[in-house]
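Numbering (this note's numbering), first residue to last: 1 to 411. Think of the CB as a built atom: it goes at the ideal place given N, C-alpha and C, for glycine as much as any other residue. Just so we're clear, the structure is a prediction, and the values are computed from it rather than from any experiment. What follows is a single structure, written as structure tokens, with notes after it.
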Amino acid sequence: MSDGKVIRLPYLHDHHSHVSLYAALEGCPSLESLDGAGAFSLLKSLPRDRLSLVTGWHTDRLCLGAGDLKDLPPAIVINSSLHGFAITPSGKPLAAALWPELGERADDPVWAESNIGKTFAFYVRVAGLDAPKLEAFMSKMAALGICSLDDMTIAGEEAAKLVSTPPFSDRIVPWATPEIYKELSPESKSRCVGIKIYLDGSLGSRSASIDAPFLDGSAGSLLYSDDGLKRLIAEIAGFGLGMSAHALGHRCTEQVLRCLEELARDGLRLPSVRLEHLQFIDLGQARRCKAAGFVLSMQPNFNADSAAFADRLIPRHLAENDPFRMLIDQAGFVPGEDLVFGSDGMPHDPGFALRWSLFPAYEGQRLSLEEFAAGYEPRTGRAKALEGEGSAFALDLAGRDLRRVDRQGKR
Ligand SMILES: [Zn+2]
1 MSDGKVIRLP YLHDHHSHVS LYAALEGCPS LESLDGAGAF SLLKSLPRDR LSLVTGWHTD
61 RLCLGAGDLK DLPPAIVINS SLHGFAITPS GKPLAAALWP ELGERADDPV WAESNIGKTF
121 AFYVRVAGLD APKLEAFMSK MAALGICSLD DMTIAGEEAA KLVSTPPFSD RIVPWATPEI
181 YKELSPESKS RCVGIKIYLD GSLGSRSASI DAPFLDGSAG SLLYSDDGLK RLIAEIAGFG
241 LGMSAHALGH RCTEQVLRCL EELARDGLRL PSVRLEHLQF IDLGQARRCK AAGFVLSMQP
301 NFNADSAAFA DRLIPRHLAE NDPFRMLIDQ AGFVPGEDLV FGSDGMPHDP GFALRWSLFP
361 AYEGQRLSLE EFAAGYEPRT GRAKALEGEG SAFALDLAGR DLRRVDRQGK R
């Protein structure tokens, strides 16, 4: 796999992305590479006669308060974490015409977190999704060395049908939130591998349920009471599918473990459990997950949060983020078996994740090249690998930077 200073990887399976959403949002205006002045001039230049979706909003780079949004054209500016958004006053009536509840509750962050699956479906409805858009997205993934992906939140019946059609059907693995799942046709339901639920928010929108407040004093919250969560898990058990639970912060990691353990004592077991987007977990919790046979689905690219989010996380949290060494060396998780890796599309490029795995901000986050590749390996029968080599990267002389090598071997 390693050839001198060139690292070669096979085609990888991204175990956590939002394929239908990202494909629909391709081509939407993005703030990704703009500074504050550039972002505002882009927002001001949007059309005034229709609702625009804008991507790539990083709250550590750009503040969008009520005063900033006041006179802007109709737009929803989506947080780069996909959790949370800002909507301009002129955008509210247009959004409400399509989804009345959104018009009324747009400024309520807890409502937004609790309705994230429906919100993704709304974005896809506004931006539109068709086969050429999905094909373009999958080609972009292939160029990055990714052959197949889990779509953690399929955006409704049309998206479910599309991803179930060749050539996508053996390269996209659909999951659905309970509310979307219930609205799918029997055929689309049968294509879903599991049910995705969200138990807290993100660091990007300061809504993750970490165990101490963010530096600005704000605190994320649990989206369910224990009773509410147990009822939801029991409903999912009735679907006969496995469950994937987005549990980012310490408090919801503990909550989902507690609820699953209590339900197991009452005799309720799900076919499979994945804890998704996990970033804060201690050794005791990790051992409980291991004993219960849960899969941890994590994103090595979020090692970078320990640098990017020094503006909002206390030093202990920066150090606790993504404790891969503890999970592998002490709790016994095995990459590719019960520890799987994906990107959440932030960004999709495995080169970014690999750099933060080989050269992390904290030793506890380090992954070897072999562990990284194993965690990203396609799992049997669910996603088909493309033929040949996926991607190659050259290490620079300081060993700190990975640059993509093209298929002919040139940098
Ligand atoms: Zn996600």
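Item checked: Counterpart residues of serine 17 in DSSP-defined beta bridges -> By DSSP's assignment, serine 17 forms a beta bridge with Asp151.
Next item on the list: Using 10 angstroms around the beta-carbon of alanine 264, count the other beta-carbons present and answer buried if the total reaches 16, otherwise exposed.
Entry: Exposed, by the Cβ-count rule.
Check: Around the Cβ of glycine 65, are there at least 16 other Cβ atoms within 10 angstroms (buried) or fewer (exposed)?
Finding: By the 10 Å Cβ count, glycine 65 comes out exposed.
Check: For phenylalanine 341, which beta-bridge partners are listed by DSSP?
Finding: In the DSSP output, where bridge partners are listed per residue, phenylalanine 341 has Met298.
Checklist line | For alanine 319 and tyrosine 362, believed in contact at Cβ under 8 Å, the rounded distance | finding: Contact flag correct, Cβ pair sits at about 5 Å.
Next item on the list: Determine contact between the segment 249-263 and the segment 200-211, defined as no fewer than three beta-carbon pairs at a distance below 8 Å.
Entry: Flag = yes, the segment 249-263 and the segment 200-211 touch.
Check: Going by beta carbon distance, what residues of the same chain come within less than 6 Å of proline 335, once the five residues before and after it are set aside?
Finding: Around proline 335: Glu371, Ala374, Gly375.
Item checked: When Pro47, Gly38, Ala245 are compared against phenylalanine 294, the one with the closest alpha-carbon -> For the options Pro47, Gly38, Ala245, the alpha carbon positioned closest to that of phenylalanine 294 is the one of Ala245.
Next item on the list: With a threshold of 7 Å, establish whether the CB of histidine 16 neighbours any heavy atom of ligand 1.
Entry: The answer is yes for histidine 16.
Next item on the list: Could you tell me whether any non-hydrogen atom of ligand 1 is closer than 7 Å to the CB of methionine 152?
Entry: Yes, Cβ of methionine 152 sits closer than 7 Å to a heavy atom of ligand 1.
Margin query: When you measure from the CB of aspartate 344 to every non-hydrogen atom of ligand 1, does any distance come out below 7 Å?
Written below: At least one heavy atom of ligand 1 is nearer than 7 Å to the Cβ of aspartate 344, so yes.
Check: Under 8 Å between the Cβ atoms of glycine 204 and asparagine 79?
Finding: Contact: yes.
Checklist line | Per-residue DSSP class, three states only, for arginine 411 | finding: With a pLDDT of 49 at arginine 411, under the threshold of 50, the modelled position of that residue is not reliable, and the figure given next carries that caveat. Coil.
Checklist line | Within 8 Å, strictly: CB atoms of tyrosine 422 and glycine 345 | finding: Only positions 1 to 411 of the chain appear in this structure, which leaves residue 422 out of reach.
Next item on the list: Just the C-alpha distance for serine 2 and serine 20, rounded to the nearest angstrom, thanks.
Entry: The pLDDT assigned to serine 2 is 47, lower than 50, so where the model puts this residue is not dependable; a value taken from the coordinates is nonetheless given after this. Cα-Cα distance, rounded: 34 Å.
Note to self: Using C-beta distances below 8 Å, list every residue in its chain close to serine 17, excluding the 5 sequence neighbours before and after it, in chain order.
What the structure shows: Correct list, in chain order: Leu149, Asp150, Asp151, Met152, Gly342, Ser343, Asp344, Gly345, His348.
Checklist line | Start-end ranges of the alpha helix (DSSP H) lying completely within the segment 196-247, minimum 4 residues | finding: If you keep only unbroken alpha helix (DSSP H) runs of at least 4 residues inside the segment 196-247, you get 226-239.
Next item on the list: State yes or no: is the C-beta of leucine 199 within less than 8 Å of the C-beta of valine 256?
Entry: Result yes, Cβ atoms of leucine 199 and valine 256 sit closer than 8 Å.
Item checked: DSSP beta-bridge partners of alanine 86 -> Partner(s): Val77.
Item checked: Start-to-end residues for the beta strand (DSSP E) that takes in alanine 373 -> That residue, alanine 373, is in no beta strand (DSSP E); its alpha helix (DSSP H) goes 369-375.
Margin query: Do isoleucine 281 and threonine 253 have their beta-carbon atoms positioned less than 8 Å apart in this structure?
Written below: Result yes, Cβ atoms of threonine 253 and isoleucine 281 sit closer than 8 Å.
Next item on the list: Look at leucine 215 and isoleucine 314 and say whether their C-beta atoms are less than 8 Å apart.
Entry: Yes; because the gap between Cβ atoms is below 8 Å, this pair is in contact.
Margin query: In whole angstroms, give me the CA-to-CA distance for leucine 69 and tyrosine 181.
Written below: Approximately 35 Å between the Cα atoms of the pair.
Item checked: alpha helix (DSSP H) runs contained entirely in the segment 304-363, provided each spans 4 or more residues -> Runs of the alpha helix (DSSP H) inside the segment 304-363: 305-308, 315-320, 350-358.
Note to self: For arginine 84, tell me which candidate among Gln299, Arg105, Leu98, Leu395 has the shortest Cα-Cα distance.
What the structure shows: In the sequence as displayed, the identity of residue 84 is glycine instead of arginine. Considering only Gln299, Arg105, Leu98, Leu395, the residue with the shortest C-alpha distance to glycine 84 is Arg105.
Margin query: Among Lys161, His317, Asp170, Leu98, whose alpha-carbon lies nearest the alpha-carbon of arginine 125?
Written below: Checked all of Lys161, His317, Asp170, Leu98; the closest Cα to arginine 125 is Leu98.
Check: What does a CB cutoff of less than 7 Å around glutamate 157 pick up in its chain, not counting 5 residues either side in sequence?
Finding: Contacts found: Glu183, Leu184, Ser185, Ser188.
Next item on the list: From the DSSP output, in three-state form, read off glutamate 32 for me.
Entry: Taken through DSSP and simplified to helix, strand or coil, glutamate 32 comes out as coil.
Margin query: Restricting to Cα atoms, I'd like to know which of Ser202, Gly228, Leu229, Arg231 is closest to glycine 220.
Written below: That would be Ser202, whose Cα lies nearest to the Cα of glycine 220.
Notebook entry, point to check: glutamate 277: beta carbon under 7 Å from a heavy atom of ligand 1?
Noted result: Residue identity check: residue 277 is histidine in the sequence provided, not glutamate. Checking the 7 Å criterion, the Cβ of histidine 277 is within range of a heavy atom belonging to ligand 1.
Check: Span of the beta strand (DSSP E) holding arginine 403?
Finding: It spans 402-405 - the beta strand (DSSP E) in which arginine 403 sits, taken as one unbroken run.
Margin query: Do valine 6 and alanine 392 count as a contact pair if the criterion is CB distance below 8 Å?
Written below: Going by beta carbons, alanine 392 and valine 6 fall inside the 8 Å limit.
Check: Mapping DSSP to helix, strand and coil, what is valine 193?
Finding: Three-state result, valine 193: coil.
Note to self: Taking 7 Å as the cut-off, is the C-beta of leucine 223 nearer than that to any heavy atom in ligand 1?
What the structure shows: No; taking the cut-off as 7 Å, the Cβ of leucine 223 has no heavy atom of ligand 1 nearer than that.
Next item on the list: Count the CB pairs spanning the segment 290-304 and the segment 323-340 that are closer than 8 Å, and state whether there are at least three.
Entry: Segments in contact, yes.
Next item on the list: Within the same chain, show all residues whose beta-carbon is closer than 8 Å to that of aspartate 130, passing over the 5 residues directly before and after it, in chain order.
Entry: Excluding residues within five positions, the ones whose Cβ falls inside 8 Å are Leu162.
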